[in-house]
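Structure first, commentary second.
There are 2 protein chains.
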Amino acid sequence: MAGKNGKMREKSLTMDTLNPQVKAVEYAVRGPIVTKAGDIERGLQQGQKHPFTEVIKANIGDSHAMGQKPITFLRQVVALCSFPELLDSSIFPDDAKQRARRILQGCGGQSLGSYSASQGVDCIRQDIAVYIEQRDKGVPADWDNIYLTTGASDGIVSILKMLVSGQGRSRSGVMIPIPQYPLYSAAISEMEAVQINYYLDEDNCWALDINELHRAYQAAKEHCHPRVICIINPGNPTGQVQSKKCIEEVLHFAYEENLFVMSDEVYQDNVYSPDCQFHSFKKVLYEMGPEYFNTVELASFHSTSKGYSGECGFRGGYMEVLNLDLEVKAQLVKLLSVRLCPPVSGQAAMDVIVNPPLPHEPSYLQFHKEKSAVLGALAEKAQMTEQILNTVPGIKCNPVQGAMYAFPRIFIPPRAVEEAMSLGISPDMMYCLRLLEETGICLVPGSGFGQREGTYHFRMTILPTTEKLKVLLEKLRDFHIKFLKEYASLEEPKR
Amino acid sequence: MAGKNGKMREKSLTMDTLNPQVKAVEYAVRGPIVTKAGDIERGLQQGQKHPFTEVIKANIGDSHAMGQKPITFLRQVVALCSFPELLDSSIFPDDAKQRARRILQGCGGQSLGSYSASQGVDCIRQDIAVYIEQRDKGVPADWDNIYLTTGASDGIVSILKMLVSGQGRSRSGVMIPIPQYPLYSAAISEMEAVQINYYLDEDNCWALDINELHRAYQAAKEHCHPRVICIINPGNPTGQVQSKKCIEEVLHFAYEENLFVMSDEVYQDNVYSPDCQFHSFKKVLYEMGPEYFNTVELASFHSTSKGYSGECGFRGGYMEVLNLDLEVKAQLVKLLSVRLCPPVSGQAAMDVIVNPPLPHEPSYLQFHKEKSAVLGALAEKAQMTEQILNTVPGIKCNPVQGAMYAFPRIFIPPRAVEEAMSLGISPDMMYCLRLLEETGICLVPGSGFGQREGTYHFRMTILPTTEKLKVLLEKLRDFHIKFLKEYASLEEPKR
Chain A
1 MAGKNGKMRE
11 KSLTMDTLNP
21 QVKAVEYAVR
31 GPIVTKAGDI
41 ERGLQQGQKH
51 PFTEVIKANI
61 GDSHAMGQKP
71 ITFLRQVVAL
81 CSFPELLDSS
91 IFPDDAKQRA
101 RRILQGCGGQ
111 SLGSYSASQG
121 VDCIRQDIAV
131 YIEQRDKGVP
141 ADWDNIYLTT
151 GASDGIVSIL
161 KMLVSGQGRS
171 RSGVMIPIPQ
181 YPLYSAAISE
191 MEAVQINYYL
201 DEDNCWALDI
211 NELHRAYQAA
221 KEHCHPRVIC
231 IINPGNPTGQ
241 VQSKKCIEEV
251 LHFAYEENLF
261 VMSDEVYQDN
271 VYSPDCQFHS
281 FKKVLYEMGP
291 EYFNTVELAS
301 FHSTSKGYSG
311 ECGFRGGYME
321 VLNLDLEVKA
331 QLVKLLSVRL
341 CPPVSGQAAM
351 DVIVNPPLPH
361 EPSYLQFHKE
371 KSAVLGALAE
381 KAQMTEQILN
391 TVPGIKCNPV
401 QGAMYAFPRI
411 FIPPRAVEEA
421 MSLGISPDMM
431 YCLRLLEETG
441 ICLVPGSGFG
451 QREGTYHFRM
461 TILPTTEKLK
471 VLLEKLRDFH
481 IKFLKEYASL
491 EEPKR
Chain B
496 MAGKNGKMRE
506 KSLTMDTLNP
516 QVKAVEYAVR
526 GPIVTKAGDI
536 ERGLQQGQKH
546 PFTEVIKANI
556 GDSHAMGQKP
566 ITFLRQVVAL
576 CSFPELLDSS
586 IFPDDAKQRA
596 RRILQGCGGQ
606 SLGSYSASQG
616 VDCIRQDIAV
626 YIEQRDKGVP
636 ADWDNIYLTT
646 GASDGIVSIL
656 KMLVSGQGRS
666 RSGVMIPIPQ
676 YPLYSAAISE
686 MEAVQINYYL
696 DEDNCWALDI
706 NELHRAYQAA
716 KEHCHPRVIC
726 IINPGNPTGQ
736 VQSKKCIEEV
746 LHFAYEENLF
756 VMSDEVYQDN
766 VYSPDCQFHS
776 FKKVLYEMGP
786 EYFNTVELAS
796 FHSTSKGYSG
806 ECGFRGGYME
816 VLNLDLEVKA
826 QLVKLLSVRL
836 CPPVSGQAAM
846 DVIVNPPLPH
856 EPSYLQFHKE
866 KSAVLGALAE
876 KAQMTEQILN
886 TVPGIKCNPV
896 QGAMYAFPRI
906 FIPPRAVEEA
916 MSLGISPDMM
926 YCLRLLEETG
936 ICLVPGSGFG
946 QREGTYHFRM
956 TILPTTEKLK
966 VLLEKLRDFH
976 IKFLKEYASL
986 EEPKR
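Here the protein sequences come in this chain order: A and B. For the first sequence, the numbering used here gives the first residue as 1, with consecutive numbering after it. For the second sequence, the numbering used here gives the first residue as 496, with consecutive numbering after it.
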């Protein structure tokens with residue numbers, strides 16, 4: 001294998017020559033724990049022995065993988081769009097056919113197989129604008145501000161990419177909540193922007209504290225140029241739902257400090273607590289008056305992946321972007337055009353979510369029943385998760401007001417912390433690895449989302465079926481008690 | 496609208512504060528000509544008068560938008576996967592049902608709505624590996640090296656992203672053909688890599704000349720670190736098909752100079768000239784012996800968007816990556832995992848393309864007929880395009896051996912060149928704008944793909960129906976003759 005001058009040909013791409021920004025990226029939701037869970041799962045299938053018979057994956061918000069059934073109407077529309085010969089079949093209801101015809105008329109050659117415009121199919125963007133107006137009780141929405149995306153992640157990365165510039169102290173800073181969904185930190189690493197952490201208040205149900213925003217902003221100003229504030233509402237991984245007052249404060253802050261606002265609202269349909277209500281950042285901005293509504297730059301993100309449909313695999317989503325400078329808007333469209341368009345079947349799925357059957361239409365009853373069943377079960381599981389976790393000594397869980405996750409705080413004994421440190425892993429990573437190995441439960445350590453130093457958490461989804469979730473929580477409780485005991489007894493000889 | 500200190504709130508994101516790398520991106524396939532074509536189209540619909548009654552878009556390889564019908568079998572499988580209740584219906588053939596069942600069994604919860612693994616659905620990756628082995632007459636393919644992607648563009652950008660590092664003279668250089676598909680230059684701009692142009696030989700049917708590769712490499716070494724060579728075969732926009740000898744030379748060169756090879760083979764099914772044959776870079780590498788096959792890092796890209804299916808909207812694709820360092824591979828999977836997964840319906844479409852009906856299966860005849868009809872018509876149109884264009888004085892068109900485009904050289908009179916310069920636009924842009932305004936034909940100027948200085952071209956697709964393409968070519972001929980006359984007569988007074 002001798003190359004030029006008789007040398008061996010070496011790899012051109014090694015860890016030493018890899019893009020350092022790629023190296024810096026971390027994404028715990030699919031990190032080492034999940035890889036290990038996959039290995040164990042394959043082992044079980046091949047007859048390997050473990051102290052459990054199945055792996056329960058509560059690491060990722062993947063509803064269908066956990067057994068949730070698709071919404072029939074949505075899939076009917078997508079199937080009709082995919083194979084329009086079915087439009088002549090009597091097995092599909094008329095309202096599904098009407099939706100499919102409308103979508104296909106918006107596609108080049110009336111085919112899902114054509115590229116759409118870079119911003120998405122026109123009529124789908126129009127449907128989204130109508131949906132937003134209804135959601136926000138009449139606040140005007142212009143479909144020119146709507147962009148279909150490949151899931152919400154794609155939109156978030158595109159907007160961040162626009163905003164990153166400068167070097168050294170003028171490098172763009174991006175304010176993100178801690179704990180956060182690690183797409184944000186990963187994108188910030190990849191773009192070499194500056195991550196500015198603002199900590200959510202765990203003692204106050206993970207509420208956003210405006211004083212903490214000011215603190216984080218002032219501290220960051222010393223070493224970068226804060227340009228964006230990201231909010232996740234309802235919260236991921238923290239499950240809180242923001243109050244209207246809190247949103248007003250954030251928007252006022254963004255107005256004063258000239259920040260671009262990115263509001264990740266993919267869980268807008270996932271609110272369970274009767275005391276909470278989803279308020280869109282846009283509606284609150286509108287109600288603050290024209291000096292806010294006509295000036296603050298706001299991008300809001302939604303998705304087909306969450307809510308009651310849980311259609312992650314379709315990679316559908318949209319963003320609405322307000323008050324974008326017109327020349328900048330042309331640049332955004334140009335940037336999106338390089339990737340041509342978001343998947344058109346995902347756009348179709350998004351259309352059904354914003355344009356579901358109406359009460360007088362044939363599919364309404366079934367649709368309504370399916371939607372209520374999903375959201376009802378989630379609400380029940382949200383409550384059950386909080387309740388059972390809070391019976392465990394050394395675990396403290398805030399109410400799961402919305403989204404799909406609990407992010408409980410776990411007490412890890414000092415000896416366990418020491419042991420993890422000596423292994424070079426974070427204590428909650430060690431905890432989650434042990435949990436996986438002993439019970440088959442796959443969770444994500446809190447360190448993958450960020451947490452105050454010296455505190456430990458994990459994120460678990462509430463997506464397993466009620467029955468399976470109960471088993472999971474009980475196994476978790478038993479594991480935790482055993483874990484505490486083990487490390488407590490280990491400490492005894494030291495006394 | 497007074498903000499802090501009574502100042503007006505300014506935009507936080509303006510052309511001055513926009514990411515300069517975004518500003519630098521250019522993507523002509525959806526550039527200003529296409530925007531203008533859209534405006535004219537809307538105008539026509541609203542009753543505006545133009546010297547034509549329809550816009551013919553020959554700017555983008557979007558088969559279905561130009562009237563090509565989907566492959567029935569592919570759409571049947573996707574519809575079955577989307578709405579599995581149809582598996583009980585007698586209107587679908589058994590082989591389509593079998594494919595759909597297999598795909599669904601590979602999906603979490605047997606649903607297209609689940610996230611797949613970051614590399615894609617396992618059984619689809621296995622099918623792709625089998626397809627590649629058959630295509631390459633037994634050269635081994637390991638499904639561990641296969642990654643599903645969101646169209647080929649997504650894979651290309653991911654691999655490039657891994658390879659970009661260093662500053663100043665050690666900044667990564669990326670060798671690309673000129674003319675090129677502008678995804679490459681756009682991605683290079685966005686990542687601030689160094690673009691290294693190697694010119695294809697227009698006088699020799701756009702062949703790749705190994706001496707030109709050496710020239711470009713040696714010149715670039717002075718100011719950057721060349722790390723990658725990109726090849727597009729069959730060529731976009733140039734339509735040539737590379738000879739086996741030429742591929743061997745490129746691979747030998749990459750071996751010697753320790754370059755990572757990216758071969759864009761999305762047009763592998765689009766070869767029309769009876770004298771040409773598609774040779775995959777992988778197969779040629781294999782035949783060069785183990786010292787090549789076991790060392791050269793090669794990423795090859797394919798897509799659902801081209802070939803005979805033309806399913807652009809599904810955003811399906813895959814890449815096969817050979818000889819990747821194992822640690823680097825884990826980094827690539829990590830990077831992909833941040834975006835979770837490619838659209839699963841696009842993965843399903845990709846599966847059908849690599850796993851079409853077999854001769855003994857019920858859908859074989861119809862599938863074969865539809866596939867042959869598409870490829871036969873394209874071959875006919877490729878020949879017709881070359882022939883008619885070469886009858887026009889001042890236009891010279893190489894054979895369209897493959898892909899979906901002609902890239903003819905056009906003579907632009909010096910007075911027209913001067914006029915364009917005075918307008919601050921490239922002469923071929925002026926030419927294409929005039930063509931659009933006078934005839935409704937939408938092409939992309941050669942300057943959007945790169946061309947030798949002082950030469951002018953345009954790219955046109957051969958995708959309109961045979962009838963419409965003939966009309967297009969005749970209108971184009973008349974326009975060109977008129978254009979030449981107009982600027983020739985303008986020059987007379989100068990003599």
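Just so it is clear, CB atoms sit at the ideal spot from N, CA and C, and this is done for glycine as well.
- Take the alpha-carbon of Val333/A and the one of Leu931/B: they are about 22 Å apart.
- Distance check between Lys11/A and each of Gly533/B, Gly889/B, Glu792/B and Pro721/B places Glu792/B closest, using alpha-carbon atoms only.
- Here the C-alpha atom of Lys970/B lies approximately 51 Å from the C-alpha atom of Glu192/A.
- Assignment of beta-bridge partners to Cys719/B by DSSP yields no partner.
- The residue from Pro674/B, Asp698/B and Gly663/B with its alpha-carbon nearest to that of Val689/B is Gly663/B.
- Judged by DSSP in its simplified three-state form, Leu754/B adopts coil rather than helix or strand.
- Taking 9 Å as the cut-off, the beta carbon of Glu875/B is found no closer than this to the beta carbon of Ile641/B.
- Comparing C-alpha distances from Gly805/B to each of Met924/B, Met561/B, Ile726/B and Asp649/B shows the shortest one belongs to Met561/B.
- Of all alpha-carbon atoms in Phe568/B, Ile724/B and Glu743/B, the one lying nearest the alpha-carbon of Phe776/B is that of Glu743/B.
- Contact between Asn19/A and Lys866/B is absent: CB atoms are separated by about 40 Å, not below the 8 Å threshold.
- For Arg664/B, there is no enclosing alpha helix (DSSP H), as DSSP gives it neither H nor E.
- Proximity of Thr14/A to chain B, defined by a Cβ-Cβ separation below 9 Å, is satisfied.
- Taking all protein chains in view, the Cβ of Thr799/B is crowded by 16 or more other Cβ atoms within 10 Å, so the residue is classified as buried.
- Within the DSSP bridge table, the entry for Ala901/B names Met955/B as partners.
- The closest CA to that of Asn753/B, considering only Gln675/B, Ser667/B, Gln735/B and Ser680/B, is found on Ser667/B.
- Contact between Cys397/A and Ala58/A is absent: CB atoms are separated by about 14 Å, not below the 8 Å threshold.
- Contact note: Leu754/B reaches chain A through Ser12, using a C-beta cutoff of 9 Å and chain order.
- A contact between stretches requires three or more CB pairs, one per stretch, nearer than 8 Å, and the stretch 383-395 of chain A fails this requirement with the stretch 205-225 of chain A.
- The three-state reading of DSSP puts Val689/B in strand, counting E and B together.
- Going by DSSP, Ala299/A is part of the beta strand (DSSP E) stretching over Leu298 to Ser303.
- Between Ala28/A and Phe367/A the beta-carbon gap is near 35 Å, outside 8 Å, which marks them as no contact.
- With contacts defined by Cβ atoms closer than 9 Å, Gln614/B and Val22/A do not form a contacting pair.
- In the DSSP secondary-structure assignment, Val816/B is bridged to Ala794/B.
- Look at Gln45/A: its C-beta is not under 9 Å from any C-beta on chain B.
- Closest option to Val271/A, judged by alpha-carbon separation, among Arg99/A, Ala349/A and Pro399/A: Pro399/A.
- Taken through DSSP and simplified to helix, strand or coil, Cys937/B comes out as strand.
- The C-alpha of Leu86/A lies about 26 Å from the C-alpha of Gly812/B.
- At a cut-off of 9 Å between beta carbons, Arg722/B contacts chain A.
- The beta-carbon distance between Val887/B and His975/B, rounded to whole angstroms, is 5 Å. This is short enough to meet the 8 Å contact definition.
- Contact check between the stretch 403-411 of chain A and the stretch 228-236 of chain A: three or more CB pairs, one atom from each, fall below 8 Å, which counts as touching.
- In this structure, DSSP gives Met657/B a helical state, which the three-state scheme calls helix.
- Burial of Met845/B is indicated by the presence of at least 16 other C-beta atoms within 10 angstroms of its C-beta.
- Proximity of Ala868/B to chain A, defined by a Cβ-Cβ separation below 9 Å, is not satisfied.
- Close partners of Ala186/A in chain B (Cβ separation under 7 Å): Val833.
- For the 9 Å CB-CB criterion, Leu74/A and Ala574/B do not form a contact.
- Three or more beta-carbon pairs separated by less than 8 Å link the stretch 424-435 of chain A to the stretch 447-467 of chain A, which places the two stretches in contact.
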